[in-house]
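Visitor: The structure follows.
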Amino acid sequence: MYDLYQMKPDRLPKGARSAWLRTRPNEPPPAPEDWIFVGKERHPSKWTIAEMKEKGVSYREIPSWLSRRSTGEASPRSPESSAA
Numbered sequence: 003m004y005d006l007y008q009m010k011p012d013r014l015p016k017g018a019r020s021a022w023l024r025t026r027p028n029e030p031p032p033a034p035e036d037w038i039f040v041g042k043e044r045h046p047s048k049w050t051i052a053e054m055k056e057k058g059v060s061y062r063e064i065p066s067w068l069s070r071r072s073t074g075e076a077s078p079r080s081p082e083s084s085a086a
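Laid out in structure tokens, this is it:
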């Protein structure tokens with residue numbers, strides 16, 4: 003079981019849509035003012051467990067282009083469907 007945090011939107015690195023951090027229970031992140039505690043992760047993935055064993059924390063950044071991909075595909079269709 004790990005503590006799960008999400009980075010505050012105003013603290014995100016450039017190009018990141020979101021960032022997630024897992025720490026050992028009751029071990030706050032290095033800069034706690036940058037993170038929001040989300041809850042406990044009871045069933046982490048095998049990749050998370052491996053990273054926790056190696057580094058003691060697990061950091062995942064979700065790039066902003068992942069969110070644009072679905073929006074970008076929908077935008078060109080909108081004008082065509084409204085014109086028809």
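In terms of the numbering used here, the sequence shown opens at residue 3 and continues consecutively.
For every residue, glycine included, the Cβ atom is placed at its ideal position computed from N, Cα and C.
Given the structure is predicted, the values throughout are model-derived calculations rather than measurements.
What does the Cβ neighbour count give for Tyr52, buried or exposed, with the cut at 16 atoms within 10 Å?
Guide: As a first step, residue 52 must be located in the sequence shown, where it is residue number 50. With the sequence shown as reference, residue 52 is identified as Ala, and Tyr is not the correct amino acid for it. Exposed.
Visitor: What residue ranges within the segment 14-57 form continuous alpha helix (DSSP H) runs of no fewer than 4 residues, ordered along the chain?
Guide: DSSP runs (the alpha helix (DSSP H)) wholly in the segment 14-57: 48-57.
Visitor: Just how far apart, CA to CA, sit Lys55 and Tyr4?
Guide: Taking the first residue of the sequence shown as position 1, residue 55 is located at position 53. Taking the first residue of the sequence shown as position 1, residue 4 is located at position 2. Distance between the alpha carbons of Lys55 and Tyr4 is about 12 Å.
Visitor: If you count every other CB in all the chains shown that lies within 10 Å of the CB of Ala62, and 16 or more means buried, which is it?
Guide: Residue 62 sits at position 60 when you count from the first residue of the sequence shown. Sequence check: residue 62 is Arg here, not Ala. Per the 10 Å Cβ criterion, exposed.
Visitor: Apart from the five residues on each side of it in sequence, which residues of its chain come closer than 7 Å, Cβ to Cβ, to Ile38?
Guide: The sequence position of residue 38 within the sequence shown is 36, counting from 1. Closer than 7 Å at the Cβ level, and outside the excluded window around Ile38, lie Tyr7, Gln8 and Lys10.
Visitor: What residues are listed by DSSP as bridge partners for Pro65?
Guide: As a working note, residue 65 is residue 63 in the sequence shown. Pro65 is bridged to Ala18.
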